[in-house]
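Sequence lines, in order, name chains A and B. Just so it is clear: in the first sequence, position 326 is 326 by full-length UniProt numbering, and no numbers are missing. Just so it is clear: in the second sequence, position 293 is 293 by full-length UniProt numbering, and no numbers are missing. Step one of this worksheet: look at the structure below.
Protein chains: 2
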Amino acid sequence: HNFATCWRIQISRSNGKMREKSLTMDTLNPQVKAVEYAVRGPIVTKAGDIERGLQQGQKHPFTEVIKANIGDSHAMGQKPITFLRQVVALCSFPELLDSSIFPDDAKQRARRILQGCGGQSLGSYSASQGVDCIRQDIAVYIEQRDKGVPADWDNIYLTTGASDGIVSILKMLVSGQGRSRSGVMIPIPQYPLYSAAISEMEAVQINYYLDEDNCWALDINELHRAYQAAKEHCHPRVICIINPGNPTGQVQSKKCIEEVLHFAYEENLFVMSDEVYQDNVYSPDCQFHSFKKVLYEMGPEYFNTVELASFHSTSKGYSGECGFRGGYMEVLNLDLEVKAQLVKLLSVRLCPPVSGQAAMDVIVNPPLPHEPSYLQFHKEKSAVLGALAEKAQMTEQILNTVPGIKCNPVQGAMYAFPRIFIPPRAVEEAMCVSLLLLEETGICLVPGSGFGQREGTYHFRMTILPTTEKLKVLLEKLRDFHIKFLKEYASLEEPKR
Amino acid sequence: HNFATCWRIQISRSNGKMREKSLTMDTLNPQVKAVEYAVRGPIVTKAGDIERGLQQGQKHPFTEVIKANIGDSHAMGQKPITFLRQVVALCSFPELLDSSIFPDDAKQRARRILQGCGGQSLGSYSASQGVDCIRQDIAVYIEQRDKGVPADWDNIYLTTGASDGIVSILKMLVSGQGRSRSGVMIPIPQYPLYSAAISEMEAVQINYYLDEDNCWALDINELHRAYQAAKEHCHPRVICIINPGNPTGQVQSKKCIEEVLHFAYEENLFVMSDEVYQDNVYSPDCQFHSFKKVLYEMGPEYFNTVELASFHSTSKGYSGECGFRGGYMEVLNLDLEVKAQLVKLLSVRLCPPVSGQAAMDVIVNPPLPHEPSYLQFHKEKSAVLGALAEKAQMTEQILNTVPGIKCNPVQGAMYAFPRIFIPPRAVEEAMCVSLLLLEETGICLVPGSGFGQREGTYHFRMTILPTTEKLKVLLEKLRDFHIKFLKEYASLEEPKR
């Protein structure tokens, strides 16, 4: 690097005309500038810095950074599902199909996937919509999940994680200028992919607030309010729902879903249901209902008309395979010409990663009771989901023992989104609390502002993914931190709770 | 499906108000509508239909569709590089690290990659820019490739194939309205990802024509012409170069690259060099020169100022691993604040597929001469590149024996882009020739219009990827077809050649 430094001096000495940068903050695409994505924002960058510092021997009041900022199961110690990885390894290196160390059901899955790939290789592009036989397996899975509601594999599209599908569908729906610009209804709090995509596409974000006092339930009156208000300045075209909720962890009731679908029917809205946490339901009183199944049960007038895109992923559930970037969407009642346009749009990116498609296939087509891998698979799956249920409950319980923190039940998904009550004098510091927490305890959370919250309220999102022991430590540290924080302000005023 | 049909009848009978579709061709995002992507366009759809028909016993004048429309090596029979797949399999199923069937160098690579992954799992999200140690390996590779020109791994970003990186960089550069709207200079003929992305972002496409009479060389005077003309109606901000060329197969000379970089320096343009075919150079007179190395050799005033993004991929070269969607970009001289914005933009999509990152790592970090896998790796790599060189030459030679076809040398990449001379009376049918060819011979090519061509000229793109035997058959069928086609018009006029 000495050479480079020397060069730089040379230039600054030359006093000649310096070439200006062509790309600066002034000339950057303003839509890119407008994008916000807190899940990987400044707090997380800081956490990475501290982590590197610890490795290099820097002293901190803790020995480890606990990253509870992102739903990254394997990074938090969850082990991969053996069967899934066996199938992916077999697909990656088919010579292993002759090896006796792999069970027959894994080999059968791998052979089927490879037969669907050009040249029987995971290295070929798939069709833009994904590998045919994987789309077929997904359709069968959906029919079984939804107790016989028909699923057509022609409506299934493999995606690069769920995010990719969500962005593709939104992209189709954004048009118009000024008051006829497309409006996108999203829950608040929301997963910031939605607000980021809306910013990037210059669509209009329409907030509907979830009801924190009612376990973050979706309130149909609030939907109407948000819709009517938005109609004054944009053209509401699509409603997004996240069920189970991220960051809010609620599981929607069938009645609530019916109301949403009826509303979408009446107002001619496109429905996008983000169902990536469909396998993550912990509360015994709750059950996952797919938007599709509820739509079906509302009768043909609904099922044959309402445009519905639903999304799933390899990243969550019990497999937690985020790195594979696998996912799919099912799109119902899409206009046939528009469907061709969607395929065209997807084809520009060629295809979703084929190993992610293979991972998705295993998730929708797991070992059956009579197959050799069933017992181990079932054991691993139950262990993951059991531990998550336990941690969901523990998180809620411990957080609710802390004065100034109130946490709704974590009915599903992978997060708690507790409200923190802060003395008025401390409000200005509220944005810094997460940073302070990180620096004092090594715990990395995301401030509620990254997901949206009602004005004057403060929250944070934390995952329930650390191991039970680590999560307990985290929650206790969090409690102590918050109590200490409140004490510093206690002389001035009692917390509002 | 009976039930569904029955429902539809019920609705049509009810005569009630039918819910209209919210998303139709009239309400679709017009930027999506404007996108074109011929590599997977209607000809390819038709080819798929015919293929399925053949499988179901339909009769055609051929027994097999040969898809020469897309650079999909494995689908055309190329075998994966063993070492690469061993590493990916080991990463996917680390229990194999204890198995004696894998060589030590593959295990060492896999261990290193896994150590860079959260929880040592391919299933964790990586950092948005990619796994640190893979970025480091890429920087070392670039330094070696460029004979010591320094590479900083902080400038390396893993991507989901090269396409993803290209779209991300373009997205940052698009801004302004009307005459200040960003203009993007692209070669014609081009790879249609560029025109598709430009349409989608409503940027202004600035065509500079490659010189067909000079082996598709880039002509600096043509660059100036295109730039000056564009300045009247937009703000030219970026120049894209594809070297070796797709679809044109030329390899740019060092002098030409110098001229382009000087031009970009003078006109303050951001440079995007698509170098995904850097390992695919066949002509003994040609050599791949990276834009970065040439920039370095032009001196510090250039190397420390010109903003340059260069792209590479797992999909091409000798590995042909398209399905893994691996790739990287190196971005030089990016403004520091803009760099943070780029990372933010990438973070919304979380990370590139980690198995694709692993594949990329093997390509930049292959077995060394003293390692156990070296001999086999070297043999496989040479066999692939040797066969491609042979097929490149054969394609040019056979095509140039056909009256009415003129093909430049395929110096590099994976395609021939021959010009076809068509009698004036046949011009109206020119667009249908590819379809006719497909229906009569089973050969699937992409018409030149999908890549852009000078008005009044006609071309097609074909890959050189079929096996040597199959490619020979393809070329002979093509010859016979074209001769027959010309004969039908011969009575009217001699071909213009």
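For each residue, glycine too, the CB sits at the ideal point set by N, CA and C.
Length of the line joining the Cα atoms of A/I70 and A/A38: 10 Å
Against chain B, which members of the stretch 98 to 112 of chain A pass a CB distance test of less than 8 Å? S99 and I101
B/H235 versus B/V140 - alpha carbon distance: 36 Å
Note down the Cα distance separating B/R112 from B/P94, rounded to an integer number of angstroms. 12 Å
Judging by CA-CA distance, which residue of B/G53, B/L332 and B/E321 is the nearest neighbour of B/N155? B/L332
Answer yes if the stretch 349 to 363 of chain B comes into contact with the stretch 378 to 390 of chain B, meaning at least three C-beta pairs across the two stretches below 8 Å, and no otherwise. no
Residues sharing a beta bridge with A/S310, DSSP: A/S273 and A/E330
Listed by chain order, chain A residues near B/R40 by CB distance under 7 Å: S128 and S347
B/T401 classed as buried or exposed, judged by whether at least 16 other C-beta atoms fall within 10 angstroms: exposed
Does the Cβ-Cβ distance between A/S283 and A/R237 come in under 9 Å? no
Under 9 Å, Cβ to Cβ, is there at least one residue of chain A near B/T305? yes
When you compare only the Cα positions, how much space is there between B/R109 and B/Q86? 10 Å
Can you find a C-beta in chain B that's less than 9 Å from the C-beta of A/P372? no
Interface flag, B/Y328 vs chain A, CB-CB below 9 Å: Judged by the 9 Å Cβ criterion, B/Y328 is not in contact with chain A.
Bridge partners - B/I185, DSSP secondary structure assignment: Sequence check: residue 185 of chain B is Met here, not Ile. B/M185 is bridged by DSSP to B/I206 and B/I239.
Anything in chain B within Cβ reach of A/P30, meaning under 9 Å, just list it in chain order. S175
What are the boundary residues of the beta strand (DSSP E) that residue 576 of chain A is part of? Outside the shown range of chain A (1 to 497) lies residue 576 of chain A, about which nothing can therefore be said.
Own chain partners of A/L54 with C-beta closer than 8 Å, once the 5 adjacent residues on each side are dropped: H60, T63, E64 and V65
Unbroken stretches of the alpha helix (DSSP H), 4 residues or longer, contained in the stretch 15 to 52 of chain A: Taking only runs of at least 4 residues, the alpha helix (DSSP H) segments lying wholly in the stretch 15 to 52 of chain A are 30 to 34.
Extent of the continuous alpha helix (DSSP H) run through A/I156: Careful: A/I156 lies outside any alpha helix (DSSP H), inside the beta strand (DSSP E) at I156 to T160.
Going residue by residue through the stretch 343 to 431 of chain B, where are the continuous alpha helix (DSSP H) segments of at least 4 residues, counting only ones entirely within it? 354 to 364 and 374 to 399
Identify the contact partners of A/Q86 in chain B, using a Cβ-Cβ distance below 8 Å as the criterion. F93
Chain B contact residues for A/H378, given Cβ-Cβ distances below 8 Å: Within 8 Å Cβ-Cβ: nothing; A/H378 doesn't reach chain B, min ~19 Å.
For my contact list, B/D105 and B/E321 are in at a C-beta cut-off of 8 Å; report their separation, rounded to the angstrom. That belief does not hold up - the Cβ atoms of B/D105 and B/E321 are roughly 19 Å apart, past 8 Å.
Starting from A/F263 and walking both ways along the alpha helix (DSSP H), at which residues does that stretch end? K254 to E266 is the span of the alpha helix (DSSP H), which, as asked, contains A/F263.
Leaving out five residues before and five after B/A217 in sequence, what residues of the same chain have Cβ atoms less than 8 Å from its Cβ? L210, D211, Q250, Q252, S253 and C256.
Less than 9 Å between the C-beta atoms of A/V204 and A/P244, yes or no? no
Between the stretch 406 to 416 of chain A and the stretch 456 to 463 of chain A, are three or more C-beta pairs nearer than 8 Å? yes
Along chain B, in chain order, which residues have C-beta atoms closer than 9 Å to that of A/M25? D335, E337, V338 and Q341
Where are the beta strand (DSSP E) runs, 3 residues long or more, that stay fully inside the stretch 95 to 164 of chain A, in chain order? 156 to 160
Within the continuous alpha helix (DSSP H) that includes B/T82, where are the two ends? T82 to S92
If you count every other CB in all the chains shown that lies within 10 Å of the CB of A/E488, and 16 or more means buried, which is it? Exposed is the call here.
With DSSP as the reference, label B/I66 as helix, strand or coil. strand
Check the Cβ-Cβ distances between A/Y489 and every residue of chain B, and say whether any is below 9 Å. no
Going by DSSP, name the residue or residues bridged to A/C322. Answer is none; A/C322 lacks a bridge partner.
Comparing the C-beta of B/G356 with each C-beta of chain A, is any distance below 9 Å? By this cut-off, B/G356 is an interface position.
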